[in-house]
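Working notes for the structure below.
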Amino acid sequence: MVSACSMAVDFGGIKMRNPVGVASGTFGFGEQFEPFFDVGETLGSVTCKGCSAVPWQGNPAPRLAELPSGLMNAVGLQNPGIRALVSEHGEYLRGLEERGCRVIVQAAGHSVSEYVEAVELYEELMPYASGIELNVSCPNVDAGGAAMGSTPEGAAGVVRAVRDRTSRPLIVKMAPVSPAEVARACEAAGADALSLINTIPGMAIDVRTRRSRVSRPTAGVSGPAIHAIAVRMVWEAAQACALPICGIGGIECADDAAEMVLAGASCVAVGTANLSNPMAAAEVAAGLAEWAASQGAASIDELRGGFIW
Ligand SMILES: Cc1cc2nc3c(=O)[nH]c(=O)nc-3n(C[C@H](O)[C@H](O)[C@H](O)COP(=O)(O)O)c2cc1C
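When you line the sequence shown up against my numbering, it's residues 10 to 318, in that order.
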């Protein structure tokens, strides 16, 4: 018989009942999943779709292409803007917090000043959210469209600019580039936690039409195809800094989440799997608790970084 194991974790000051959440953009704002399971009672956290100060239209269709082992998306960070997020989903999200599920909002921007604007709006309109995540994978219009977080200086610059605008935990959602260097730079700039990884740029060509299968030449690959890469990047970031890490990338089952914990993640988020199996995050939460107990640990924290080599 296995004994119970405490699943509570502290993610950069955000106290979560368990380490399982959902990755930004793959779970909407949460309501659509309520018919499948009790989100507020089951998950440790919900990270909302990235929103900007003003609405963004995103890219034209087609935006999604299925790959043999994952998904490619060119959504282009379409979002209704923070004011609409609050008016349409604020009550539900406040309710999640009241039920013990931590709400993390995500800020998107095309320039450092747009991130500042987004964080200021969250401060004004969503004081009940437990943390603010910065999606530094947005294209930077001041730098020819390269992702803001594709360099340590770029990622740290966003953190520094918003750090004194909020006292809430600041999480950096890292692009899948130079994890050790970017992690150290974000830590030095005052971030409280890291989430990694975001999608990895890829291409899928329809050889009959010779066109891209989505509306852009390149798009973000997610799902099982990127899991091993994500585990490696979590491990490298965990070696490089003392910040807590949320492991993201191709998590479909509890074993995938357990790998992230062993690589050094304090918590995990289920992404693309939510789209094919709306119960995925709930199943991962239940299965991860079983795995932790089967390892004989008194708390999930004991297993963090427990990879043996
Ligand atoms: C349709 C879709 C929309 C996404 N939107 C966002 C977003 O708004 N902000 C963000 O940081 N990541 C976004 N992501 C990336 C995911 O949060 C996650 O980092 C990535 O998909 C890897 O995890 P997965 O393999 O479990 O999906 C999106 C991914 C998908 C598939």
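Where is the CB? At the ideal position from N, CA and C, for every residue including glycine.
| Query | Result |
| --- | --- |
| If I follow the unbroken beta strand (DSSP E) through D19, where does it start and stop? | 18 to 20 |
| Does DSSP classify R103 as helix, strand or coil? | helix |
| With a threshold of 16 other CB atoms inside 10 Å of the CB of K24, please say whether the residue is buried or exposed. | exposed |
| With H, G and I counted as helix, E and B as strand and the rest as coil, what does DSSP make of Q66? | coil |
| May I have a chain-ordered list of the beta strand (DSSP E) segments no shorter than 3 residues that lie completely inside the segment 22 to 82? | 23 to 25, 29 to 31, 54 to 60, 73 to 76, 79 to 82 |
| Which residue or residues does DSSP assign as beta-bridge partners of S204? | K182, C255 |
| Tell me whether the beta-carbon of V145 lies closer than 7 Å to the beta-carbon of M157. | yes |
| Quick one: does the C-beta of T208 sit closer than 6 Å to a heavy atom of ligand 1? | yes |
| Look up L86 in the DSSP assignment and say whether it is helix, strand or coil. | coil |
| For S308, list the residues DSSP reports as bridge partners. | S15 |
| Taking the C-alpha atoms as reference points, what is the distance between A170 and N88? | 23 Å |
| Using three-state DSSP, classify G118 as helix, strand or coil. | coil |
| Please look up how many angstroms separate the CB atoms of V230 and G258, rounded, as I've assumed it's under 8 Å. | Between G258 and V230 the Cβ distance is about 10 Å, and since that is not below 8 Å, they are no contact. |
| So the candidates are C250, S224, Y101, E299; which of them puts its Cα closest to the Cα of M16? | E299 |
| So, are the CB atoms of L252 and L203 less than 7 Å apart? | yes |
| By Cβ distance, which residues of its chain are closer than 7 Å to P226, with the 5 residues on each side in sequence left out? | M212 |
| What are the residues that DSSP puts in a beta bridge with N144? | K182 |
| Report the option in V186, Y101, E132, G232 whose CA atom is closest to the CA atom of E40. | Y101 |
| With respect to the beta strand (DSSP E) encompassing V230, which residues constitute its N-terminal and C-terminal limits? | 228 to 231 |
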